[in-house]
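*Asks:* Those protein sequences? They're chains A and B, same order as listed. Sequential numbering of the first sequence, starting at 1, is according to the UniProt record's numbering. Sequential numbering of the second sequence, starting at 1, is according to the UniProt record's numbering. Positions of the beta carbon are idealized from the N, C-alpha and C atoms, including for glycine. Since we're looking at a predicted model, the values are computed, not measured.
Protein chains: 2
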Amino acid sequence: MRIAELSRQSGVPVPTIKYYLREGLLPPGELTSPNQASYGEAHLRRLRLIRALIDLGQVPVARVKEILEGLDSDELPLHDQIGRAHRAITPARTPTAGTEERTAAADQVRDLIARRGWKVEPDAPALTTLIETIAALRTLDQNHLADFLDSYADAVEKFTALEVAAVTARTNPDQIAESVVIGTILGETLIASLRLLAQESISADRWKD
Amino acid sequence: MRIAELSRQSGVPVPTIKYYLREGLLPPGELTSPNQASYGEAHLRRLRLIRALIDLGQVPVARVKEILEGLDSDELPLHDQIGRAHRAITPARTPTAGTEERTAAADQVRDLIARRGWKVEPDAPALTTLIETIAALRTLDQNHLADFLDSYADAVEKFTALEVAAVTARTNPDQIAESVVIGTILGETLIASLRLLAQESISADRWKD
DNA sequence: CGTTAATGGATACTGCTACTATCCATCACA
DNA sequence: TGTGATGGATAGTAGCAGTATCCATTAACG
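#1: With DSSP as the reference, identify every bridge partner of serine 38 of chain A, one or two as the case may be.
#2: Residues of chain B with a CB under 7 Å from the CB of glycine 187 of chain A: which are they?
#3: Which residue wins for smallest C-alpha separation from valine 59 of chain A, given the options B:Pro91, B:Glu178 and B:Gly83?
#4: If valine 156 of chain B and leucine 194 of chain A are in contact, beta carbons under 8 Å, what's the gap, nearest whole angstrom?
#5: So within the stretch 90-156 of chain A, which uninterrupted alpha helix (DSSP H) runs reach at least 4 residues, ignoring any that extend past its ends?
#6: According to the Cβ coordinates, are alanine 124 of chain B and leucine 197 of chain A closer than 8 Å?
#7: Among B:Asp150, B:Ala88, B:Val180 and B:Leu25, which one has its Cα closest to the Cα of isoleucine 191 of chain A?
#8: Would you mind telling me which residues of chain A sit closer than 7 Å to threonine 133 of chain B, beta carbon to beta carbon, in chain order?
#9: Looking only at its chain, what residues have a beta carbon closer than 8 Å to the beta carbon of threonine 32 of chain A, apart from the 5 residues adjacent to it on each side?
#10: Shortest alpha-carbon distance to leucine 27 of chain A belongs to which of A:Asp205, A:Thr96, A:Gly57 and A:Lys65?
#11: Check the C-beta distance from leucine 71 of chain A over to valine 181 of chain A and give it rounded, since I have them as a contact under 8 Å.
#12: At a Cβ cut of 8 Å, what residues of the stretch 15-27 of chain B count as close to chain A, listed as they run along the chain?
#13: Between valine 109 of chain B and isoleucine 134 of chain B, is the Cβ-Cβ spacing less than 8 Å?
#14: For alanine 169 of chain B, which three-state DSSP category applies?
#15: Compute the Euclidean distance between the alpha carbons of phenylalanine 148 of chain B and valine 167 of chain A, then round it to the nearest angstrom.
#16: What residues of chain A sit near threonine 103 of chain B, judged by a beta carbon separation below 7 Å?
#17: Consult DSSP for leucine 196 of chain B and reduce its assignment to one of helix, strand or coil.
#18: Chain B beta carbons: is any one of them nearer than 8 Å to that of isoleucine 82 of chain A?
#19: Going by the beta-carbon positions, is the gap between arginine 93 of chain B and threonine 129 of chain B smaller than 8 Å?
#20: DSSP on leucine 68 of chain B, reduced to helix/strand/coil?
#21: Classify glutamate 30 of chain A: buried if its beta carbon has 16 or more other beta carbons within 10 angstroms, exposed otherwise.
#22: Can you give me the C-alpha to C-alpha distance between threonine 160 of chain B and glycine 187 of chain B, rounded to a whole angstrom?
#23: When you compare the CB positions of arginine 45 of chain B and glutamate 101 of chain B, do they come within less than 8 Å of one another, or not?
#24: Compute the beta-carbon to beta-carbon distance between arginine 48 of chain A and leucine 140 of chain B, rounded to the nearest angstrom, for a pair I have assumed lies under 8 Å.
#25: Under 7 Å Cβ-Cβ, which residues of chain B neighbour alanine 156 of chain A?
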């Protein structure tokens, strides 16, 4: 298929597809003559993945590129694929909380991780975010939320178990990496939306009128 | 205190504070003379809240403004405060999924909500995101994740119960609205970080080396 | 009291991201 | 044979979140 057809089937405007080609998000089509290329199903799939990550996952274009490079570099261990996906959705953070709040929060997180027996690299991107968030909650006089950390972790472990089950159910090993990436990123969007709906419902019960 | 002191205590550069004042995120200080104003504890608290929403919650400045206006307009029902917070963290979505995937996803979501007895406005911002996400998962051949929707909802209800408990534990009614907003937005960051840590840990167990 | 530095307020400028627009020399196809 | 699409290159745009500069005061120190 040619670019116009790819655009029609994906709903992505032709100039945007050209932009993704330029940026290396989408591999070039197969050239049939100096200025004609043909795109296949793989391009369509890839394009849909790109849009899902950008639109639903809010992943910046540059990060999408890194993720896709990971997916394409076959034989990159799954654990590293996950690492890429995590980095893609964790904005770089310059520590902003006060020193004492931050060390207290870091202690709390270290305890939590030890208590649960989690194996986490000390430079995991989510670690900084978690610590900063707890520190911020305390600075904002919201200790009550930060104090529930363990109960939150209980519920969170449920997701993760589910996701591992879902991913390992995939038989084709080629697809596992993609499933992991999609699950990591779109899974978050899914959970966040469900949470908002549940909140809205409870809030309607309690406080409406 | 004057602006330099406010900047020092909050860690926010003076020009940025001026920018927030211009944008109406921060109320003006009390003028003691035509070009001298004094800021109080309330300003410092507000500034910290702004930074938490922007840095940790990834809320755009314009949305932060809406949220704060909600907090300040006393007597706005809690349910509407929550609505504002939800809109602030739910980007506007132009439906992008194919018609049939979207109606199928919409059906699945409607069933889920009915089964759980959730009370959700039909134009809730999270509704579109949820439907689009499920449709995207199916388009990307990830039905296995979309099929777990109910189990996800189980775990999600746990959070929400926790959060309601935490918020209603607040005695001062003035602070409830603020707690609700912070809980909604920073709570999401907290959950997302925990999820990534749990994933990393399981992934290390399963796939490392 | 005089000088230096900071302040409030206004206006202008910047860097970054994610596209859009335009151009042009080919091609495909009717 | 000519009309419209294509690949590839280059340039332009809109929106966001600040930064920078300027200026007429005013505070604070020696």
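*Replies:* Reading from the atomic positions:
#1: A:Glu30
#2: Leu145
#3: B:Pro91
#4: 4 Å
#5: Runs found: 99-116, 125-139 and 143-146.
#6: yes
#7: Nearest to isoleucine 191 of chain A by C-alpha distance, out of B:Asp150, B:Ala88, B:Val180 and B:Leu25, is B:Asp150.
#8: Leu56, Leu186, Thr189, Leu190 and Ser193
#9: Ser38
#10: Contrary to the premise, residue 27 of chain A reads as proline rather than leucine in this sequence. Taking only the C-alpha atoms, the option nearest proline 27 of chain A is A:Lys65.
#11: Indeed, because the Cβ distance is near 7 Å, the residues count as touching under 8 Å.
#12: none
#13: yes
#14: Looking at alanine 169 of chain B - three-state DSSP - the assignment turns out to be coil, as it is neither helix nor strand.
#15: 12 Å
#16: Result: empty, since nearest Cβ-Cβ is about 16 Å, beyond 7 Å.
#17: Helix, per DSSP.
#18: At a cut-off of 8 Å between beta carbons, isoleucine 82 of chain A contacts chain B.
#19: yes
#20: helix
#21: exposed
#22: 10 Å
#23: no
#24: Going by Cβ atoms, the distance from arginine 48 of chain A to leucine 140 of chain B rounds to 6 Å, so yes, they are a contact pair.
#25: Note that residue 156 of chain A corresponds to valine in the displayed sequence, not to alanine. In chain order: Ile191, Leu194, Arg195 and Ala198.
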